[in-house]
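Here is the structure we will look at.
In this note's numbering, the protein residues as written are 90 to 301.
In structure tokens form, the structure reads like this:
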């Protein structure tokens, strides 16, 4: 397959950040002197930020606006990114290889855009991507095909030459429904979904080394 465009997920794909991301909601609830559900991260991992804030407000009877909940959650999230998140192995080499081949690249993410911009810049890989497309901008979660269609519109490459690189089963479903060739990268947080991911994806890799 000729590749002229690549749509990358950020958390769990480019960055080793899934565990930190899933723990952020619990840390935010703990900061309010409340006790989070043991499975809060699993329950909310596929939610958009707006869906997450609405859930937390309702489930934990938080007496403030969803906008203020989002601000507090993003503060916790940013701290986690800056203190504990790194790049997955071989990512910088792969991005440089794609750049040298003239492959246009963008990112789709559930993370707040300002935070994504900051962490990617800190890790030295922001300049590889023409766009960072958030679920909020696209108007849906990562399971929504519109997120990938919106990113592709901004990327401007032929659809049959554009790949989506993802780790999450819900996002992979969305990308396939949108009609894209999908490369799935292994991530520990999706281990239980591995059989379905392998069935859905066009290619499954354990490491980005396999694409070099």
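The beta-carbon is built from N, C-alpha and C at its ideal position, and this holds for glycine as well.
Quantities reported herein were computed from a predicted structural model and do not represent experimental measurements.
Residue i (DSSP reduced to helix, strand or coil)
| i | result |
| --- | --- |
| residue 133 | helix |
| residue 192 | coil |
| residue 197 | strand |
| residue 117 | helix |
| residue 289 | helix |
| residue 258 | helix |
| residue 251 | strand |
Residue i to residue j span [Cα, whole Å]
| i | j | result |
| --- | --- | --- |
| residue 132 | residue 234 | 21 Å |
| residue 186 | residue 259 | 28 Å |
| residue 146 | residue 153 | 8 Å |
| residue 285 | residue 262 | 10 Å |
| residue 179 | residue 295 | 12 Å |
| residue 220 | residue 183 | 18 Å |
| residue 138 | residue 144 | 10 Å |
| residue 161 | residue 151 | 12 Å |
| residue 227 | residue 244 | 14 Å |
Opening and closing residue of the beta strand (DSSP E) in which residue i lies
| i | result |
| --- | --- |
| residue 98 | 94 to 98 |
| residue 272 | 270 to 274 |
Beta-carbon proximity check, residue i vs residue j, cutoff 8 Å
| i | j | result |
| --- | --- | --- |
| residue 268 | residue 287 | no |
| residue 202 | residue 104 | no |
| residue 214 | residue 95 | no |
| residue 114 | residue 101 | no |
| residue 190 | residue 217 | no |
Burial state of residue i (16 or more Cβ within 10 Å)
| i | result |
| --- | --- |
| residue 122 | exposed |
| residue 199 | buried |
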